[in-house]
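Chains as they are written, first to last, in the UniProt record's numbering: chain Z, 1 to 384; chain A, 1 to 322; chain E, 1 to 512.
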């Protein structure tokens, strides 16, 4: 097989995979009598066509950065953590408990407290499958899947029997105190200027008090925390001893043993960091957006993390880019659900296809690119 | 708990064990051949939707069955291409196909019927109906044994009995035929098969396609026998529970039967919180019962059953070496 | 036109893997009813050539004649039909199948197994009688010794009516006695008119077992000779292309104090089988203790236990201090901290992370060293890279590019990276396993010189190798390992290959 240039391997393979996934999705749309190009236009318009569309896209992207990083860290340790969804649900529980039961003086302190508890709950939920893998050899893929189902049942139980406010029929917790509300993009200087509302004459709309009005978006301060986490994960994986050990273990478990790297320690820490990152996602969706704990708070973001990590080639920069892409798909998919007769499940199909092409058919994609690069590679050799 | 209730729970156990058993045997073929498949769930789902749709439109459950099995085989083929031909990651391929199935089933069902991703209720010839075994009526009056026969053993749909027959059939194929010998060999050491002049690729593809057929039957059973129609995500993790049963059974057909009956029994209990309450003298929360099969799966995986050694070449694409 | 007196005749066979020319215009003719040796160093292209003959690879050019007829061999099935049987270096057996099941696999008579099994059972009994090939047909392969597993492979080929039997490195895992038995079997086959080809890099068995020998070097065929008319020295020179230095220049050892003391060291494997059955020895500063033996007699376990990778019992003291043999203190890192370096037997699965760069591998196992840290949290990658450049220069690693992944280096250069890392860490004791396996001649000389230099610097060295030449030329003392025990110590100046060979077969001097 022709060896690809590094840039092609890094950038082109994911892009081609994405194109292939999009083509397959287009075929599905054609098959159910829809116009793929029109659907794409609706998606682009809904997700990227306006500042508020971006506000939603980046809100989703925030969650996906967290879960994408979570999958990435575990992947480097040779562990396939499909339990991001359950870990994110538990993280939501931690965040909700922190926000409901501790009287925080200020949202910033509450954010720190909620983040810590969210990470702790998510990490703990990942720790059990990690322990079973390290000590009992239980296949982590299946145990983490089981833990997703168990987490979902646990949330129903806690919400219905404990956290539901009296008299409410919704399986959801009470609202968090208003002071704990996190700053959104429309609350932030500079960013809010993009979200100004205009009246038909093109003048800025004003409130009764004469202040400018802004479009409200869910994207919030946790977006920047997600970016900081991406940096920290990069630092962890390539500049610390722990990251070095995780990567060595993930590549060659036996050799790691030779170097004195403990398989138990690495399995546990890699999975707990992974679970903590998934749990941390809850500061975005639970604390930042819904401001109460809903039954299915993670909404599949844990699973999308798999696609994001694969698409992003398990590198934080790639994860950020892929997360924004999936933010677009998610918001665009929602726009489809609202404005067309195409069900939002199209998102799930695309997500599956991206995982298929980037994670399982990557050799096929690389081979296709290989044919493309072969003639050039040969002329270069011939010329030398 | 009285005997009649016990019979009801056992009857329901058999119904619920059937899709698990079909999926479990499906996984057995693939994994014995060295191809891990966590995409049982997705194949069941696509088969359930396809069969229910075709049965609803044409009013024939047999057409539905054929269509469902074909749809499942198509997904199996994709898994085969990814994991055999392109030597991709088998776990990731399975996960990916599960997502594709979860989404595409709703898309198609919504397009066809516009009922929020469900199919219409299946009736009459569009559904597998219960079959009374010979003399069930006559035995029904015999206490204990007769009622057991009439209530639990008799009165299921054809697919239940087919699933039961597949157990000895699989055992026979696996241990007494040339195909079974080669299948087991290719999952243990593909090089042994390759150097004997037998194609590893063909063997593995054939196993993966059998997996497709059996997963298809499992999905058809869910939509056209256990329930009357398709609903989104109706598999509800059964594909994964079947995998756990397969591990529990250490990849052996008869053990798979017992494992699936056990898991089916737990699922049946989850449907009867009242029975659980009378037996345990405790009010057991329904979500706990819902989570019970998953928790038991974890406990089983944690090795209460001794070490389960998977086929040695499982999960590894075959590459010829010098 | 080819001569039907030859069982096999290859003409102009060429095969390339990417840029590597594994076989270049190979011609060879093997007369019927003879035992033919093909000898060459690791990587000379012997196995590739035989894989082409067995239909595993397709040659880029060239023709194959079987019994004088031009034959196309696109796959193994065709090779079997042409009467070729192959016994690979790594056996292709299904471990949890019985001998019978393994034998009929792929050669069944019908869709059901019963008749095939019955027929094979009868055929097996006949073959066993005819060729001294007795094995229990109902035994599970995983319960058989290596020598018996090899017989199953031979039986597999004979059951398929093979007239031409190819054996790839057949004695690598056998004791000398088992090897002798194998040669008897092969001579029996020859008497029945079968043709046998042995591929090996060992001169001894070529001289002992073959009628004719063909020598390969770097993908080309350098010559064919009749075994009667050649000598080991002449063959060695043909293999390598120049006179081989069979002895390493080294001065006398100046052994100092005892550094490492091992008493009653025992190791059990995962299946609770005892692999190391009470090994005791002392290792002194400034000496090389060589452990000879057939692979699989406990040498790997000895290295693993001393290197902290495998749990063991017994007592090991390093400069008077006890080393933990199990539990928290028994790991590779603790051993390095204590002053034990370890060049593992298998560099590709243990010694290196193949996907890591050279500089990451230089830090492998030493990534906690203070000199590689920038501060308490962050590693100093630049310092590791600089250190790697220096080590690559000292040990002549080519190409000297620290950012290249380990898998891009040749076997010899990969080994030099491991050797550089472990020697430069300045250990008191260095464990060395198979230092030159799969390494080209130039690198072998270099690595041997480094080992001697380290000894002369006063370090204690434990050398494990299955290459008797290597043990003989490097060691100051030699111990032979057999069945998990040390068979006594010998002085390399006063012992010889014959005596060591007997010890390797478990026969002590007094008994022999």
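Even glycine gets a Cβ: it sits at the ideal position worked out from N, Cα and C.
Ranked by Cα distance from residue 217 of chain E, the first of E:200, E:204, E:231 and E:328 is E:200. From the beta-carbon of residue 110 of chain A, the residues of chain Z found nearer than 9 Å are 32, 341, 342, 343 and 345.
Residues of chain E whose Cβ lies closer than 8 Å to the Cβ of residue 178 of chain A are, in chain order, 108, 110, 111, 112, 113 and 116. Sequence-distant partners of residue 195 of chain Z (beyond 5 residues in either direction) whose C-beta falls short of 6 Å from its own C-beta, in its chain, are 51, 186, 214 and 215. Within chain E, the residues whose beta carbon sits less than 8 Å from that of residue 255 of chain Z are 349, 350, 351, 352, 353 and 364, listed in sequence order. What residue 423 of chain E touches in chain Z, judged by beta-carbon distance under 9 Å, is nothing: the nearest beta carbon there is about 16 Å away. Here residue 125 of chain E is exposed. Its C-beta has fewer than 16 other C-beta atoms within 10 Å. Inside the region 69–150 of chain Z, DSSP marks whole alpha helix (DSSP H) runs of 4 or more residues at positions 84–101 and 107–131, from first to last along the chain. Closest in C-alpha terms to residue 285 of chain A, from the list Z:303, Z:208, Z:184 and Z:156, comes Z:156. Neighbourhood of residue 241 of chain Z in chain E, by CB distance below 7 Å: 367, 368 and 379, in chain order. When DSSP states are grouped into helix, strand and coil, residue 208 of chain Z belongs to the coil group. As for any beta strand (DSSP E) of minimum length 3 sitting wholly inside the region 313–367 of chain E, the runs are 313–318 and 340–343, ordered along the chain.
In this structure residue 60 of chain E is in contact with residue 14 of chain E, their Cβ atoms being roughly 5 Å apart against a cut-off of 8 Å. Beta-bridge pairing by DSSP links residue 69 of chain E to E:66. Contact between the region 83–92 of chain E and the region 166–177 of chain E is present, with at least three C-beta pairs closer than 8 Å. Residues of the region 32–49 of chain A with a C-beta atom less than 7 Å from some C-beta of chain E do not occur. Rounded to the nearest whole angstrom, the C-alpha separation of residue 14 of chain Z and residue 315 of chain Z is 12 Å. For the region 281–330 of chain Z, the continuous alpha helix (DSSP H) assignments of 4+ residues that do not extend past its boundaries occur at 301–311, in sequence order. In the three-state DSSP reduction, residue 375 of chain E falls in the coil class, being neither helix nor strand.
With fewer than 16 other Cβ atoms from the protein chains shown falling within 10 Å of its own Cβ, residue 106 of chain Z counts as exposed. Leaving aside the five residues that flank residue 17 of chain A on each side, the residues in its chain whose CB is nearer than 6 Å to its CB run, in chain order, 260, 261 and 264. Beyond the five residues adjoining it in sequence on each side, residue 80 of chain A comes within less than 8 Å, by CB distance, of 35, 204, 205, 208 and 209 in the same chain, given in chain order. The three-state secondary structure of residue 290 of chain A, taken from DSSP, is helix. Nearest CB-CB separation between residue 303 of chain Z and chain A: below the 8 Å threshold. Residue 288 of chain Z counts as buried, since at least 16 other C-beta atoms from the protein chains shown sit within 10 angstroms of its C-beta. Distance from the CA of residue 87 of chain Z to the CA of residue 323 of chain Z, rounded to the nearest whole angstrom, comes to 18 Å. For residue 230 of chain Z, there are no neighbours in chain E by C-beta distance under 8 Å, as the nearest C-beta there is about 17 Å away.
The Cβ atoms of residue 333 of chain Z and residue 317 of chain Z do not sit closer than 8 Å to each other. DSSP places residue 276 of chain E in the uninterrupted beta strand (DSSP E) bounded by 274–284. In the three-state reduction of the DSSP assignment, residue 362 of chain Z falls in the helix class. Residue 242 of chain Z and residue 81 of chain Z have their alpha carbons spaced roughly 19 Å apart.
Taking 8 Å as the cut-off between beta carbons, the residues of the region 72–95 of chain Z near chain A are 80 and 82, in sequence order.
In this structure the region 323–336 of chain E does not lie against the region 376–387 of chain E, because fewer than three pairs of beta carbons, one per stretch, are closer than 8 Å. Exclusion of the five residues before and after residue 452 of chain E leaves 250 as the residues of its chain whose Cβ lies within less than 6 Å of its Cβ. Looking at the DSSP output, residue 168 of chain E sits in a beta bridge with E:199.
Taken in chain order, the whole alpha helix (DSSP H) runs of length 4 or more contained in the region 88–155 of chain E are 99–104 and 113–131.
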